[in-house]
Amino acid sequence: EMRSIQKICIETLGAEDGPYPETAHIKGAFKDLLRRRMYALGKSSSVRCDGRDLDQVRPISAEAGVLPRTHGSALFTRGETQSLATATLGDAGMRQKIDKISGLDSKRFYLQYTFPPSCVGETGRVGAPGRREIGHGNLAERALVHALPSEESFPYTIRVESLITESHGSPSMASVCGGCLALMDAGVPIERPVAGIAMGMLLDDLHALSDVDGNDAIILSDISGTEDAMGTMDFKVAGDRTGITTFQLDIKCEGLTVPTMERALEQARLGRLSILDEMDAVLSAPGRSELPPTVPRIGSFSIAEESIGKVIGPGGKQIRAII
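The opening residue of the sequence shown carries number 1 in the UniProt record's numbering; numbering runs sequentially from there.
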């Protein structure tokens with residue numbers, strides 16, 4: 001609907017005689033008008049453009065074990081943003097290999113994030129991951145890695161994939177929630193589940209600091225795609241009930257004051273706790289009491305010192321056969 005109104009404005013102003021603004025200027029003025037109207041609405045009535053309260057999280061639907069043959073899976077939906085997450089467990093040979101300048105390295109846990117054009121109702125070529133997918137995947141990976149058990153207690157390589165099936169605001173944080181549920185569904189013992197939320201902000205003047213000289217900041221919880229585009233902040237915060245595991249901040253204004261950050265973090269904490277309550281209703285920590293039957297079993301035992309030679313065999317023949 002907004003695009004239709006914008007198109008009418010461009011056609012009307014462009015049809016007038018004499019000098020008229022360029023299309024880019026009209027689009028910029030139209031966007032600035034919408035931004036100011038959203039700010040005025042929030043300031044006067046504490047209501048957002050979609051009718052929600054300023055601190056209200058969109059409706060959440062979560063389900064674990066949706067795919068029968070995967071090690072772990074979950075479908076997490078928040079508003080019009082949805083992630084289909086899967087978790088796969090393997091041995092040490094399945095670690096992600098990384099060729100660094102300093103030499104070869106490997107990762108025990110890695111997350112693949114896929115954002116196809118279809119999730120926003122578009123068609124296009126699907127190829128190698130772009131900057132957006134790599135960045136969002138790294139953010140979700142950093143959020144979840146702190147919740148994993150130690151390698152000594154859980155000697156598995158862990159891979160999570162998040163496929164975004166629809167997107168209207170913060171698919172990376174949906175990947176955190178869906179990925180955590182998929183890990184718990186796969187039997188990974190996670191004592192403190194992790195959830196993520198994207199915070200936004202509305203300002204009257206983009207060329208000033210927040211909460212200074214009457215430029216009062218309006219903090220929004222769980223922003224939609226419209227609020228992300230029209231707002232002045234995209235503050236992604238992920239963590240468990242005890243604290244934050246990762247965050248990422250993008251702003252379009254001159255800067256944020258400490259009081260603004262304090263309000264945003266506190267509002268994010270409350271929103272995160274409400275999301276964790278919804279996730280706990282699906283799978284309580286630490287998840288499955290035992291590994292699903294599709295997961296390969298890894299065990300360890302000690303070998304007597306005098307028997308090591310028998311295990312290795314002549315010239316290493318026996319150990320190579322085992323490997």
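Glycine included, each C-beta is placed from N, C-alpha and C at the ideal position. On a predicted model such as this, the values are computed, not experimentally measured, just so you know.
Euclidean distance between Cα positions of residue i and residue j
i: Pro314; j: Ile322; result: 13 Å
i: residue 324; j: Leu249; result: Here the chain covers residues 1 to 323 and nothing more, so residue 324 does not appear.
i: Pro116; j: Phe235; result: 23 Å
i: Lys27; j: Thr257; result: 30 Å
i: Gln82; j: Thr23; result: 34 Å
i: Glu166; j: Gln318; result: 52 Å
i: Pro293; j: His146; result: 26 Å
i: Lys252; j: Gly93; result: 44 Å
i: Gly187; j: Gln96; result: 21 Å
i: Gly72; j: Glu254; result: 44 Å
i: Pro171; j: Glu80; result: 10 Å
i: Met279; j: Gly225; result: 23 Å
i: Pro189; j: Pro155; result: 12 Å
i: Leu148; j: Ile244; result: 15 Å
i: Ser153; j: His25; result: 59 Å
i: Ile308; j: Arg69; result: 38 Å
i: Gly103; j: Thr157; result: 21 Å
i: Asp50; j: Lys100; result: 46 Å
i: Glu305; j: Leu139; result: 45 Å
i: Pro129; j: Phe76; result: 22 Å
i: Phe30; j: Arg52; result: 23 Å
i: Met2; j: Cys119; result: 20 Å
i: Asp204; j: Leu41; result: 11 Å
i: Arg125; j: Arg131; result: 15 Å
Proximity below 7 Å, CB of residue i to CB of residue j
i: Ala238; j: Val282; result: no
i: Ala74; j: Asp185; result: yes
i: Leu202; j: Met38; result: yes
i: Ala110; j: Glu133; result: The amino acid occupying residue 110 in the given sequence is Tyr; Ala does not appear at that position. No. Outside cutoff.
i: Thr260; j: Ser210; result: yes
i: Gly169; j: Asp213; result: no
i: Val295; j: Leu33; result: no
i: Arg288; j: Asp240; result: no
i: Arg35; j: Met230; result: yes
i: residue 374; j: Val176; result: The requested residue 374 is not part of the displayed model; the chain covers only 1 to 323.
Cβ-Cβ separation, residue j to residue i (assumed contact under 8 Å), whole Å
i: Arg108; j: Glu151; result: 6 Å
i: Ile298; j: Asp91; result: 6 Å
i: Met199; j: Ile223; result: 7 Å
i: Gly196; j: Met173; result: 3 Å
i: Arg78; j: Arg48; result: About 15 Å; that fails the 8 Å criterion.
i: Ser46; j: Leu54; result: 5 Å
Local Cβ density within 10 Å of residue i, reported as buried at 16 or more and exposed below that
i: Ala87; result: buried
i: Thr242; result: exposed
i: Ser162; result: buried
i: Ile5; result: exposed
i: Leu206; result: exposed
i: Ala85; result: buried
i: Val160; result: buried
i: Gly271; result: buried
i: Gly121; result: exposed
Do the region 170-189 and the region 204-220 touch if we need at least three Cβ pairs shorter than 8 Å? no
(message) Contact between the region 254-269 and the region 61-80 is defined here as three or more beta-carbon pairs at a separation below 8 Å; is this criterion met?
(response) no
Q.
Quick check: the region 298-309 against the region 270-278, are at least 3 beta-carbon pairs closer than 8 Å?
A. no
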